[in-house]
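In this text, residue positions in the sequence shown follow my numbering: the first is 1, and each later residue adds one. Yeah, the Cβ is synthetic: ideal placement off N, Cα and C, and Gly gets one too. Accompanying notes for the structure given below.
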Amino acid sequence: MALTYSAGSLVAARGREWVVLPESKPDLLVLRPLGGSDDDIAAVFPAFEEVKGAEFAAPEPSDLGDQRAAGLLRTALRIGFRSGAGPFRSLAGIAVEPRAYQLVPLLMALRQKTVRMLISDDVGIGKTIEAGLVASELLAQGEATGLAVLCSPALAEQWQQELRTKFGIDAELVLSSTVSRLERGLDLGQSLFDKYPHVIVSTDFIKSTRHRDDFVRHCPDLVIVDEAHTCVAADDTSSGSQNQLRYELLRRVAADESRHLLLVTATPHSGKESAFRNLLGLVKPDLAAVSLESEAGRKLLAQHFVARKRADVRQYLTKGDGLEDDSLAERTAFPSDRYFKDETYKLSPAYRALLDDAIAYAGERVRAADSRGRREARIAWWSAIALLRSLVSSPRAAAQTLTTRSAAAIAASAEEADRFGAPLNSDSADSDTLEGMDVAPGAETGDAGARLAELASRAAELDGTEHDLKLKALIKHLKALLADGYNPIVFCRYIPTAEYVAEKLKERGGVRAEVEAVTGTLSPQQRIEKIDKLAEKAGDDPAARRVLVATDCLSEGVNLQHHFDAVVHYDLAWNPTRHDQREGRVDRYGQKRDEVRIITLYGADNGIDGKVLEVLIKKHRQIKKDLGISVSVPDEMSTGVTDAIVEWLLMRGRDGEQKALFGAEAFETATTKLDNDWNSAAEREKASRSRFAQRSIHPQEVAREVAAIRDALGGAGEIDTFVRESLDALSAVIRPAGVDFTAQVGGTPAGLRDALAPVVGAETVEKDRPIRFRADPAVARGEAALVRTDPVVGALAAHVLNAALDTLADGARPARRCGVITTEAVSTRTTLLLVRYRFHLTLPSRSGDKQLVAEDARLLAFQGSPKSAVWLPAEHAVALLDATASANTDPHFGERTMTRILAQLSDVSGYLEEYGDELAADLDESHRRVRAASGEIVRGLSVTAQRPADILGAYVYLPAAPGASAASAEAAPSTDGVSA
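Structure (structure tokens):
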């Protein structure tokens with residue numbers, strides 16, 4: 001008859017040792033390798049395979065290590081933990097080490113039975129990480145069983161990669177391009193949202209009537225909405241608008257009160273209070289109408305809303321936050337500022353003549369259409385704007401626009417003309433998506449082909465720096481940026497312009513740098529691949545330079561801070577929010593420059609740029625400088641201003657003289673209304689940031705949890721020491737690189753090289769290229785961060801741990817399970833034990849109790865013999881890791897000493913069990929504390945220690961005092977303790 005093994009016990013099967021998991025049955029054991037991850041879980045049938053009880057083998061007294069052995073083994077063990085026992089179930093298993101401030105939304109979420117949150121931290125702070133932390137924790141605890149991320153299709157693949165690589169969540173893409181393939185694999189009557197538990201869905205695809213109903217019926221119990229501000233509508237929005245359709249979808253998703261909902265946006269205010277209230281209403285219906293001026297209203301909002309500026313988190317957990325000291329202080333290296341420089345250019349005579357003729361033609365068309373009805377007037381209006389914007393952009397874009405039919409020309413009504421023309425010709429901050437919006441618009445309407453063809457021919461002749469002085473100015477400013485060591489991104493409005501600029505930059509007379517163009521002609525994945533190739537071509541040489549020319553297909557969501565540090569606005573956007581989005585691609589956490597440079601090119605004499613810069617762009621900058629955050633200008637307000645500018649340009653010839661724009665009535669009316677509305681929005685935003693600042697979680701609470709996490713999993717200093725000492729012991733070549741360092745691993749054992757190859761690339765290992773290790777956890781691809789969750793650090797730790805456990809392993813073995821060290825750090829013989837505890841946890845959740853087995857590692861130290869041990873405080877045990885050998889210890893004497901100690905360790909088993917029970921009680925209290933505000937979640941929670949604990953390592957420290965000898969090592973213990 002097969003034996004029954006309890007959860008948490010050790011068994012031996014298939015030539016290795018395993019931990020029995022709670023899902024096991026008498027006839028089926030679910031096992032996780034000892035020290036392994038959930039990815040290695042296996043099922044074993046005891047009736048068909050040999051399974052027997054196992055005890056963790058004692059250390060081998062002859063396998064002695066040096067003074068570093070204990071510390072390296074302890075860190076390697078803790079890095080390998082993927083099932084930590086603390087209240088945050090997911091933190092040990094994810095591949096990202098969150099900043100302390102990023103734990104705040106997670107702590108807020110765990111205090112809610114059903115998580116409803118609006119995460120509105122500033123651009124670049126890490127909202128994706130914050131949402132991912134909440135999602136992975138809810139899934140790990142069993143509070144959620146499935147996940148749907150609603151986002152723009154351009155960001156879907158990036159979300160997929162972030163979830164997979166950082167949080168271990170494999171999500172299927174549900175896009176218009178993938179849905180047919182996914183549906184072919186369904187059973188009859190099955191929904192794809194039932195088949196795939198984790199999905200990333202295009203918001204604009206799923207809002208359609210056909211797919212919306214199926215999604216709502218089968219929606220997962222956890223939903224994240226990215227750029228949530230685009231998914232709500234103000235009360236005065238038309239029922240057919242795209243925002244309204246998305247809002248209706250989310251209202252139905254949020255209607256299920258048991259569904260977890262995370263709304264993510266850096267701009268919760270669109271300038272309209274009703275839109276903000278509707279956004280809050282999705283989180284909690286009461287918030288749509290509650291008075292946020294009242295204390296009760298603010299307290300209610302504080303439970304669900306977190307909105308912080310960079311200044312709020314640049315330095316966190318300091319004495320300034322109310323803590324006693326700065327021992328847990330965390331400083332996040334955001335760029336301190338953006339350096340703005342507005343550079344002008346003037347049109348060449350030939351370009352000036354072309355623009356004047358084009359304006360005259362467009363003005364004639366608009367005036368003629370005014371008398372033919374509203375539909376014709378709107379078609380002519382959009383054609384005129386297309387013509388003007390493309391001419392100001394580049395001769396290449398102008399030539400294409402002049403020979404392309406206007407999208408509005410096929411409209412059957414004025415409203416339809418606006419619907420077709422506006423997306424391609426304006427820069428709405430709330431447009432459905434930036435996909436497809438970078439194509440050059442058409443201006444041809446069918447009855448002026450010859451005249452437009454003549455203008456197009458003249459535009460094509462202006463290619464190059466002789467006539468295109470805007471391009472000449474760009475090259476001048478790029479050379480200055482490159483000379484100062486910057487790697488810029490040049491943002492263009494249209495695909496033909498971006499391709500033209502990249503082409504000219506590569507030619508003779510261009511710039512000495514690697515240059516590539518990325519536009520909407522590429523898929524989102526192809527864009528990322530091209531950017532990576534550009535970075536790879538430039539290489540690791542600090543002197544190598546790269547220039548990326550891009551359209552606004554890269555202005556949202558894509559993170560470019562690792563490869564670029566300057567932005568050039570080649571074409572002005574007509575909505576300043578778009579400029580902020582562009583700049584935010586490089587000005588964010590992980591940017592290594594303290595100052596990001598921004599150059600804005602504008603035409604001094606084209607009639608448009610100077611006005612847009614003065615009225616819109618500079619105003620936006622000033623508000624952001626004053627508040628520390630961006631405040632969106634309402635779309636209709638910026639459109640009113642740009643319409644007035646265009647109208648002035650087109651109509652100024654009617655009076656026979658050029659009337660000053662700033663005296664034009666329409667322009668004055670539009671700018672006054674813009675200023676009033678924008679200032680009001682800024683004041684509301686300023687007041688809300690003050691009134692609604694995150695106060696539901698105090699820094700002291702975060703500090704307590706951060707300390708507990710570091711105590712269990714290790715801190716940055718420990719990881720740095722481990723990596724340097726392990727690589728040095730394994731014969732890697734280490735070279736300093738400022739505060740960081742590089743390592744070449746060509747001379748390390750084959751086992752380590754094989755483990756690193758899939759992580760850093762086989763070519764890097766085979767050709768012995770340096771691997772850069774950085775203290776900053778925000779690293780570029782191919783670099784390693786000195787944090788426990790980095791895959792390079794994980795591979796190194798696994799190698800060190802496995803080599804320590806296998807006395808027959810080939811090559812150097814930096815960590816050992818035994819050691820005898822003679823040192824001045826002790827005054828009497830002191831024994832340090834590295835003990836691994838396993839805990840059996842019962843965690844209540846909405847889906848029922850979840851049984852888990854978790855691990856923890858502790859250092860315990862005693863003076864004297866095991867039978868009469870005097871146990872030392874925990875901090876003294878940890879201090880022994882820093883003890884240095886003051887004399888060599890005879891190997892034979894060391895082995896005899898180690899043999900005696902190991903034979904007597906059974907005398908301390910009672911203390912180890914008591915300590916395990918104390919740890920279990922502390923863990924129980926921490927789980928209850930984190931979930932204190934949700935009583936139902938902690939009812940039934942229990943934590944018990946599995947017995948016996950595993951003694952992974954034993955290390956004896958002998959005093960180096962004069963006269964000390966083998967005999968003195970047997971002396972009675974003193975009470976002097978351990979010297980620091």
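Mark residue i as exposed unless 16 or more other C-beta atoms lie within 10 angstroms of its C-beta, in which case mark it buried.
{"i": "isoleucine 709", "result": "buried"}
{"i": "tyrosine 339", "result": "exposed"}
{"i": "proline 576", "result": "buried"}
{"i": "glycine 442", "result": "buried"}
{"i": "glycine 940", "result": "exposed"}
{"i": "proline 758", "result": "exposed"}
{"i": "aspartate 810", "result": "exposed"}
{"i": "asparagine 559", "result": "buried"}
{"i": "valine 739", "result": "exposed"}
{"i": "leucine 107", "result": "buried"}
{"i": "glycine 510", "result": "buried"}
Can you tell me which of the three DSSP states residue i falls into?
{"i": "serine 680", "result": "helix"}
{"i": "cysteine 492", "result": "coil"}
{"i": "serine 136", "result": "helix"}
{"i": "threonine 165", "result": "helix"}
{"i": "methionine 117", "result": "strand"}
{"i": "valine 511", "result": "coil"}
{"i": "glutamate 466", "result": "coil"}
{"i": "glutamine 160", "result": "helix"}
{"i": "serine 393", "result": "helix"}
{"i": "glutamine 141", "result": "helix"}
{"i": "glutamine 315", "result": "strand"}
{"i": "lysine 850", "result": "strand"}
{"i": "serine 982", "result": "Outside the modelled stretch of the chain, which goes from 1 to 980, sits residue 982, for which no answer is possible."}
{"i": "aspartate 486", "result": "For the record, residue 486 in the displayed sequence is tyrosine; it is not aspartate. Tyrosine 486: coil per DSSP, three-state reduction."}
{"i": "isoleucine 951", "result": "strand"}
{"i": "arginine 99", "result": "coil"}
{"i": "lysine 309", "result": "coil"}
{"i": "arginine 14", "result": "coil"}
{"i": "isoleucine 771", "result": "strand"}
Excluding sequence positions up to five away, which residues of its chain have a Cβ less than 8 Å from the Cβ of residue i?
{"i": "glutamine 160", "result": "Ala171, Leu173, Ile200"}
{"i": "lysine 533", "result": "Glu516"}
{"i": "glycine 656", "result": "Its pLDDT being 37, under 50, glycine 656 is placed unreliably in this model, and the value from its coordinates should be taken loosely. So the list is empty, once near-sequence residues are dropped."}
{"i": "arginine 774", "result": "Asp740, Glu783, Ala784, Ala785, Leu786"}
{"i": "histidine 467", "result": "Ser348, Ala350, Tyr351, Pro395, Glu461"}
{"i": "leucine 615", "result": "Checking the sequence shown, residue 615 turns out to be valine, not leucine. Excluding residues within five positions, the ones whose Cβ falls inside 8 Å are Val641, Thr671, Leu674."}
{"i": "arginine 578", "result": "Asp427, Ala429, Asp552, Ser555"}
Excluding sequence positions up to five away, which residues of its chain have a Cβ less than 7 Å from the Cβ of residue i?
{"i": "glycine 894", "result": "Leu64, Val820"}
{"i": "threonine 4", "result": "Pro26"}
{"i": "alanine 877", "result": "Leu832, Leu859, Leu860, Ala861"}
I'd like the list of long-range same chain contacts for residue i, defined as Cβ closer than 6 Å, with 5 residues on each side in sequence excluded.
{"i": "serine 291", "result": "Gly297"}
{"i": "valine 943", "result": "Phe839, Leu841, Ala920, Leu923, Asp924"}
{"i": "lysine 506", "result": "Val515"}
{"i": "leucine 391", "result": "Leu355, Ala358, Ala398"}
{"i": "glycine 71", "result": "Leu881"}
{"i": "tyrosine 500", "result": "Ser394, Arg396"}
Hey, residue i and residue j are a contact pair by Cβ (cut 8 Å); roughly how many whole angstroms apart?
{"i": "alanine 362", "j": "alanine 333", "result": "About 49 Å; that fails the 8 Å criterion."}
{"i": "alanine 861", "j": "leucine 872", "result": "5 Å"}
{"i": "valine 723", "j": "valine 793", "result": "6 Å"}
{"i": "lysine 472", "j": "glycine 603", "result": "Lysine 472 to glycine 603, Cβ: 13 Å. No contact."}
{"i": "alanine 54", "j": "glutamate 17", "result": "5 Å"}
Inset, instruction - List in chain order: all unbroken alpha helix (DSSP H) runs of 4+ residues lying wholly within the region 168 to 228. - result: Correct list: 179 to 184, 192 to 195, 203 to 206, 209 to 217.
Legend entry - Completely contained beta strand (DSSP E) runs for the region 774 to 842, where each covers 3 or more residues: Taking only runs of at least 3 residues, the beta strand (DSSP E) segments lying wholly in the region 774 to 842 are 818 to 823.
Inset, instruction - Give, in chain order, every unbroken run of the beta strand (DSSP E) that is at least 3 residues long and sits entirely within the region 538 to 616. - result: Taking only runs of at least 3 residues, the beta strand (DSSP E) segments lying wholly in the region 538 to 616 are 546 to 550, 566 to 569, 595 to 603.
Legend entry - Contained beta strand (DSSP E) runs [length at least 3] in the region 892 to 946, N- to C-terminal order: Runs of the beta strand (DSSP E) lying entirely within the region 892 to 946 and spanning at least 3 residues, in chain order: 942 to 945.
Inset, instruction - Please go through the region 719 to 758 and give each complete beta strand (DSSP E) segment of 3 or more residues, from N-terminal end onward. - result: Complete beta strand (DSSP E) runs here, min 3: 733 to 737, 740 to 744.
Legend entry - Ordered list of alpha helix (DSSP H) runs contained in the region 396 to 433, each at least 4 residues: 414 to 425, all fully within the region 396 to 433.
Inset, instruction - Please go through the region 229 to 290 and give each complete alpha helix (DSSP H) segment of 4 or more residues, from N-terminal end onward. - result: Correct list: 242 to 254, 273 to 283.
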